[in-house]
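Listed in order, the protein sequences are those of chains Y, U and P. For the first sequence, counting from 1, position 206 maps to 235 in this note's numbering; every step adds exactly one. For the second sequence, counting from 1, position 264 maps to 327 in this note's numbering; every step adds exactly one. For the third sequence, counting from 1, position 81 maps to 932 in this note's numbering; every step adds exactly one. Where a beta carbon is used, it is the ideal one built from N, C-alpha and C, also for glycine.
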Amino acid sequence: MAAKPRVAIFDFTGCEGCELNQLNFENQLLDMLEHVDIVEWREAMDDRPGEYDIAFVEGSLSTPDCIKRINEIRRRAKVLVAVGACAVQGGINGMKNTQPIEEVREEVYGKDKYLFPTLPALPLSAVVKVDVNVRGCPMTQMEFLKVFTALVMGKKPVEPTSAVCVECKLKENECVYEKGMICLGPVTRGGCDAHCPSFGQYCTGCRGMVPEPNLKAMEEILVKHGLSVNEAWKRLHLYNTHELEGLKS
Amino acid sequence: MKLNELVPQQDPVDLYLPVMSEIRDVRPLTDLETLYTVALPDGRDLGHQPGQFVEVSLFGVGEAPFSISSSPTRKGVFELGIRKVGLLTEKLAELKPGDKVGIRGPFGHGIPVEKFRGKDVLIVAGGIGLVPMRSMINYVLDRRDEFGRLIICYGSRSDKELLFTDEMESWRRDPGVDFHVTVDRGSPEWEGNTGVITTLIPGLELDLGKTVCCVCGPPVMYRFVLLALKSRGLPDKSIYMSLERRMKCGVGKCGHCQINHSYVCQDGPVYHYPDLKSLEEAL
Amino acid sequence: MELKFLASDRVEAFVSYIMQKKTVYAPQRAGKHSVALKKVADPGAVVLDYARTMQSVKKFFLPPRDELLQFNLADQSFAPAEVKPLDAVLLGIHSYDRAAIDRLDYNFSQGHAERNYLTRREGVVWVGVSFEPDEFHFSGSVGIRPHDTEGFDVFLTRARDGYLVEVLTNAGRELTAGFDLPATDQAKPQPGHFHQHIFLPQAKLNEVMGASYNNPVWEETAEKCVGCGSCNIVCPTCYCFNVEENVDIKVSGGTRERIWDGCMLREFTEVAGGEVFRGGLAERQRHRVMRKFKYLSDKTGHPWCVGCGRCTAYCTAGISIVSIVNRCISDYEKHAATAV
């Protein structure tokens, strides 16, 4: 048998919820470790060896040092996997991108701001080539396991692209719009098994927008249901600022 | 008529179970394409027509349709010429002789060879379209006296991407074959024709009343080849075309390959051109 | 046909009675405003007076996720999925949903007869119930009325204080035998009126839709459509599926499964190498509607839409298939009038 793939796990700017979620695979963790050697995982161990077959990276890039590190990781990894909304789309951190960067810096670091250089929060893909995305805030365990087994088998995992609506309809969830709430499901990528609508919540758009989103049609949907377009757009920015800024320009 | 009266009663079958078959040979054709020789269990023949396809699968990876590249006249094994473009094909490229793949099929309507019998056979193949057309070419070559002239037009993006170059040499030397090849962009060593495939058509020697043509290539190619054939005066009824679509199940169930009212996996992939005119989305 | 009477206050007893004979699936509350077909555990939970379920009975014969085979990666062996007849009573089904199953039966029998679907179809006793058309139903326009009993073993028509019961087949007699259903001389009430209509019968629609290929309605609809595919997923006659491999975490084996797919989704026509044959939402909308009113009806003489209204009722953007078809009809007639 071929040598086990060498896996490294890194984090950038984020809440580390995705990484914690990886440690939560109580039942599967030992099976997973059968297939791979974990060579770098700050959350779990503390040594610094060399090259890796698969790098799982969490968090967005928000300092000059992040850019340097991600380039280094890319150089050393055969397959780079972005894990979670921050790494994939820039995530919540991206909200700062619409405000003047100096104001943000001052607000956060106060008089010590000069010690902390900062950049607009970027998804990994804005700086390096990303091979696989595991979406969501936080990433879902089921999906991570799917991606993991695919990579262990040496194949590229398939990324779901259809809207959350598909999964709601499969589960016969009552439409969130019928409940009078704004839902970003129609323009948000599924693959989460419509987790939030299934539990009575609305979709927050954490998995990023579907490819070629028809935002004009989305606006009409909101108007038709008597809901605030402004509020919906604010919510869409929560996870998708980077992409929406890109659409604008 | 009621819907249930439209369908003859027949015993249901397991449509999605593959026959585990053995890879006998793996031969690289270019950097991207590989020719696989496959044997069904117990020396069974595939029993296909030129132009038909099989569904090939690897457990845990997936299943996809591939046209059969060998002629049914060559018994015992069959060949698949496969380009590395996605998940399944990348894993197929790692296979070695002795490895197993799942096979379902053959499926679809291939080239109606009886319509070509006694006629001059014109093959127009672009790029990987040569893969299914090679089945017909070798069929004609193996039953040489049943057909008239064999004219082959083959176009490729570059000379580095030409497929079956060894066989091309034998077609070139065969006095019974009128073989033409062109590349969109040739390397400095390339001494042959340069230009898109349609540039080959005006110069062909054709007996219009006696020629039947089969076209296969990338989607963008068809309109232009049709125009070129038309300007030569080849009647529509003498043209057959093999179409590519996403054929997931191969048996007219999953809906992916539908073009207007036609399922490519059942009515195609080889269509008589006059039948395609009612399918707005076909070309 | 002899009519019997099932009083409203005896429905629960009737459901309990048939539950002793077979598993029963019936509409039950699924949310504040919605009803879904589910296995009956509590006879009192069955809802016979409802507009529509989000998913039709299709889900029992063609489950959203349907295992095709199980494989072992070590020795490359496989075993076919175990498929069992549904062998149950489907209670409280509307005529359009029964008609949809005729269409699925056709699809899974024509050409190659498929074991997976046809095995599940076995052993079903159909108990229908009439419906009151709401703002979305238009099955009358495709020849399916609220009181149609075709394909049912037992049919319940809503009447004053209960249901008129028609026992139509031997399977129906077997199911109801032993339960006291008194004869009644009540006449079957007139079916309710539809509020939505397609303005031409299917026989004419083939021609109209054939001439509507370049109608601007496809582009106009595309502007309002987010391409979420809900219309496909809730349609009782949509049967398209994709096939997926699932590998277990030990990477020792797994399953090949089919999952529902929809022609409104972008990847539906994508082939390896990235070519998408219906890239735009307008082309996809056209395919969806043509498939119901032309492509499959050209082949079979039957419209592939049963008028349940789901695609419209569950479209967040409010795209109406009836409006699209009627627009094609009026443009066709306008054109015909000016051509004369």
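One alpha carbon belongs to residue 220/Y, the other to residue 193/Y, and they sit about 7 Å apart.
Closest by C-alpha distance to residue 869/P, out of 1120/P, 894/P, 885/P, 1178/P, is 894/P.
For residue 939/P, the enclosing beta strand (DSSP E) stretches over residues 939-944. Here residue 1034/P is near residue 853/P, since their CB atoms are less than 8 Å apart. Under a criterion of Cβ atoms nearer than 7 Å, the residues of chain U adjacent to residue 962/P are, in order, 314, 315, 329. The Cβ atoms of residue 195/U and residue 130/U lie closer than 8 Å to each other.
Per the coordinates, the alpha-carbon of residue 130/Y lies some 13 Å from the alpha-carbon of residue 151/Y. Listed in chain order, the positions of the segment 150-181 of chain U with a beta carbon within less than 9 Å of a beta carbon of chain Y are 150, 151, 153, 154, 157. A direct Cα-to-Cα measurement between residue 1135/P and residue 1173/P gives close to 17 Å. DSSP, reduced to helix, strand and coil, places residue 141/Y within a helical segment of the structure shown. Neighbours of residue 123/U in chain Y, taken as residues at a C-beta separation under 7 Å, are given in chain order as 182.
Per the DSSP secondary-structure output, residue 68/Y pairs with nothing in a beta bridge. Annotated three-state conformation of residue 904/P is strand, per DSSP. Using a C-beta cut-off of 8 Å, the segment 949-956 of chain P makes no contact with the segment 1004-1014 of chain P, since fewer than three inter-stretch Cβ pairs fall below that distance. Residue environment: residue 248/U is assigned as exposed (fewer than 16 neighbouring CB atoms within 10 Å of its CB, all protein chains considered). In this structure, DSSP gives residue 253/U a state outside helix and strand, which the three-state scheme calls coil. The beta carbon of residue 225/U does not come within 8 Å of any beta carbon belonging to chain P, so the residue lies off that interface. The alpha-carbon of residue 978/P is positioned some 14 Å away from that of residue 900/P. Look at residue 1186/P here: in three-state DSSP terms it is helix. For the pair residue 171/U and residue 282/U, the CB atoms are not nearer than the 8 Å cut-off. Scanning the segment 216-278 of chain U from its first residue to its last, the whole beta strand (DSSP E) runs of 3-plus residues come out as 240-248.
Excluding the 5 residues flanking it on each side, residue 972/P has same chain C-beta neighbours closer than 6 Å at 912, in chain order. Here residue 116/Y is actually not in contact with residue 69/Y; their C-beta atoms are around 16 Å apart, not less than 8 Å.
Closest option to residue 1063/P, judged by alpha-carbon separation, among 872/P, 1184/P, 915/P: 1184/P.
Residue 96/U has a beta carbon lying at 8 Å or more from every beta carbon in chain P.
For residue 185/Y, the chain U residues whose Cβ falls inside 9 Å of its Cβ are 149, 150, 153, in order along the chain.
Within the segment 250-265 of chain Y, the residues whose Cβ lies closer than 7 Å to some Cβ of chain P are 250, 253, listed in chain order. Fewer than three Cβ pairs drawn from the segment 315-325 of chain U and the segment 982-993 of chain P lie within less than 8 Å of each other, which leaves the two stretches out of contact.
Residue range 193-205 is occupied by the alpha helix (DSSP H) that includes residue 195/U. A buried status is given to residue 178/Y, since no fewer than 16 other beta-carbon atoms sit within 10 Å of its beta-carbon. Taking 8 Å as the threshold, the shortest C-beta distance from residue 919/P to chain U falls below it. Residue environment: residue 171/Y is assigned as exposed (fewer than 16 neighbouring CB atoms within 10 Å of its CB, all protein chains considered). Of all residues in the segment 1152-1169 of chain P, the ones placed with a Cβ closer than 8 Å to any Cβ belonging to chain U are 1152, 1153, in chain order. DSSP places residue 207/Y in the helix class (H, G or I) of the three-state scheme.
Residue range 183-189 is occupied by the beta strand (DSSP E) that includes residue 189/U. Exposure of residue 145/Y is indicated by the presence of fewer than 16 other C-beta atoms within 10 angstroms of its C-beta.
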